[in-house]
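Chains A and B are the protein sequences, given in the same order.
Going by our numbering, the first residue of the first sequence is number 177, and it counts up by one from there.
Going by our numbering, the first residue of the second sequence is number 177, and it counts up by one from there.
Where is the CB? At the ideal position from N, CA and C, for every residue including glycine.
Only a predicted model underlies this, so the values are computations on that prediction, with no experimental measurement involved.
Number of protein chains: 2
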Amino acid sequence: MPRIAFITEFDGTDFAGFQSQENARAVQDVLEKALEDLYKTKIRLTGCSRTDAGVHARCHLSHADVPFVIPEDKFPLAMNALLPDDVAVKKSFYVADDFSARFDIKGKRYIYRIYSSPTRSPLLDRTSYYCPVLPDIAKMQAAASFFAGEHDFAAFCATGGSQKTTIRRLFGVKVEAIGEDPCQIEIEVSGEAFLYNMVRIIAGTLLYVGQGKIEPSEVASIIEGGDRSQAGKTLPAKGLTLEEVFIDSD
Amino acid sequence: MPRIAFITEFDGTDFAGFQSQENARAVQDVLEKALEDLYKTKIRLTGCSRTDAGVHARCHLSHADVPFVIPEDKFPLAMNALLPDDVAVKKSFYVADDFSARFDIKGKRYIYRIYSSPTRSPLLDRTSYYCPVLPDIAKMQAAASFFAGEHDFAAFCATGGSQKTTIRRLFGVKVEAIGEDPCQIEIEVSGEAFLYNMVRIIAGTLLYVGQGKIEPSEVASIIEGGDRSQAGKTLPAKGLTLEEVFIDSD
């Protein structure tokens, strides 16, 4: 059977996350339903990342074994005709039989979005976390520099994870701010692999730094200390978007 | 009674437009309900523009006579605590007794958003119109130059309007494109006043130009001809956002 890999974009607002679960609307279920409609047989897919309820994706990768070949440029259009408005297949390509969207990716890039304005903004609220008072961007940028590299990120992991180790390698964390009112802040986090809620805790810690609750230099010792209670709060899911999945070594 | 003017931002997706109407959710009703909760008495407001169902606003102006003074910087916060997620008051200021949000504004600026990509994008779809094939931006820019100034815009007015004249003065129409996939196209239209569906028909005409259905130079004669059937189609409401209301002569 040919194995197809495909990139999916979704607005996570009305989803209980990517992965199938009982009594909840998951992106995986919606995609598998479309695959079944298209190929007239039940098809199980594997995704690169579970993603929490409310998290968005511009570039989520999945793979599935399908009963026949649909050309790579036609597959997205065929799927999109069957998918609801909040999910779309952006691209597809055939892969080797042993390729796994879960195990063969080289890393992922997320952006956590925050906006600052004296009043909230309905047009930004869906994909961005509202922070009334502008945080200190320069301090956030200084603190961001400590995350790159291989560290034990136990302080940046929600309890309840089942991982064997909390050591992960991040490629980098960058903070950018655009505009004045609203000021839109993007916290970009890229790395090989992530712990449960890791990006949202990194974003919450950097926001605390921007609000003067944590000094930039303290972030190094918070990473080293491995104590979750020393890091910032987990920011809400709606501000997080999976922006890119690294498939090759690029 | 003090008269207060205030700027409102709303996501128009779940509204039947700004103005109150029977059996539909209108922004005006939601705002008047919050005013009533705040001042404990029924308050009627006047808006700068009705806006169609599905149209968004980053800067809609209203005024209302209120029974007592709430400081200008506190009014938005008090209102926002009472408003649903898809509407917010951004700013407020007290005005003269005879100021009207409807009659005393000097003009408005709209942006119509289109995005182009081989596949649709759930994260752009809410506020942008999807156009699979990239239109010719240079042609659209050339055609846009014909709209500025005072013209009879009968060709750019939906039937059913009740206006006495179809002459309007536009300050300008600009077309910009950002990015490649998706390419996000912004058609900015600013003017003194507008006819029913005028911006959406201008956007539809410029899209036809970008698709080669109308030559840029023909736009001048379409304006002059005054025949609605010669202009492009009315693009969907969701791509349209009221971006600014000009209150002074600036």
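Item, Value
"Ordered list of beta strand (DSSP E) runs contained in the stretch 237–289 of chain B, each at least 3 residues", "263–271"
"Beta-carbon spacing of L346/B, S366/B below 9 Å", "yes"
"Neighbouring residues, chain A, relative to A264/B (Cβ below 7 Å)", "T295, R296, S297 and P298"
"Among P178/B, A396/B, F269/B and E391/B, nearest to D312/B - alpha-carbon criterion", "E391/B"
"Assigned exposure category for E356/A - 16 Cβ within 10 Å defines buried", "exposed"
"Inter-residue spacing [alpha-carbon to alpha-carbon] between S405/B and F332/B", "9 Å"
"Buried or exposed (CB count within 10 angstroms, at least 16 for buried), S425/B", "For S425/B, the predicted model reports a pLDDT of 44, less than 50, meaning its position is unreliable and no value from the coordinates is stated."
"Proximity of G188/B and A413/B at Cβ, strictly below 9 Å", "yes"
"Environment of D241/B [buried if 16+ CB atoms lie within 10 Å]", "exposed"
"Closest Cα partner of V395/B within the set D228/B, F329/B and V245/B", "F329/B"
"Per-residue burial, A257/A [other beta carbons within 10 Å of its own, 16 or more giving buried]", "exposed"
"Top-ranked residue by Cα proximity to G402/B, from M374/B, L416/B, L411/B and L418/B", "M374/B"
"A318/A versus Y372/A, T217/A and Y384/A, residue with shortest Cα-Cα distance", "Y384/A"
"Alpha-carbon to alpha-carbon, L300/A and V421/A", "24 Å"
"Backbone secondary structure at Q387/A - three-state DSSP", "coil"
"Beta-carbon proximity list for Q197/B, same chain, < 6 Å, skipping 5 on both sides", "none"
"Straight-line Cα distance separating A353/A from A407/A", "22 Å"
"E394/A, DSSP secondary structure in three states", "helix"
"Residues within the stretch 205–229 of chain B neighbouring chain A, beta-carbon criterion of under 9 Å", "none"
"Close Cβ partners of I377/B (< 6 Å) along its chain, the five nearest in sequence each way excluded", "F332, A407 and T410"
"Inter-residue Cα distance where the pair is Y215/B and A200/B", "24 Å"
"Selected residue, minimal CA-CA separation from F186/B, among Q204/B, I180/B, T335/B and E326/B", "Q204/B"
"Where the beta strand (DSSP E) through Q360/A begins and ends", "C359 to G367"
"Whole-angstrom distance between L416/A and L416/B, CA atom to CA atom", "26 Å"
"Residues near E212/B by beta carbon distance below 8 Å, same chain, minus five either side", "K218 and I219"
"Paired residues, beta bridge with L221/A - DSSP", "A240/A"
"Chain-ordered chain B contacts of T303/A [CB-CB under 9 Å]", "L299"
"Sheet register partners of R344/A (DSSP bridge)", "H327/A"
"Cross-strand partners of A334/A (DSSP beta bridge)", "According to DSSP, A334/A bridges with nothing at all."
"Closer than 7 Å at the beta carbon, the chain B residues around R234/A", "L299"
"Partners in chain B for D187/A, counting only beta-carbon separations shorter than 9 Å", "P298, L299, D301 and R302"
"Neighbour-count burial assignment, R234/B, 16 or more Cβ in a 10 Å radius", "buried"
"Interface partners of D261/A on chain B, CB under 8 Å", "P298 and D301"
"With 16 other Cβ atoms within 10 Å as the buried cut-off, status of M177/A", "exposed"
"Identified DSSP bridge partners for R179/B", "D241/B and V271/B"
"Beta-carbon neighbours of P252/B, restricted to chain A and to distances below 8 Å", "P294 and T295"
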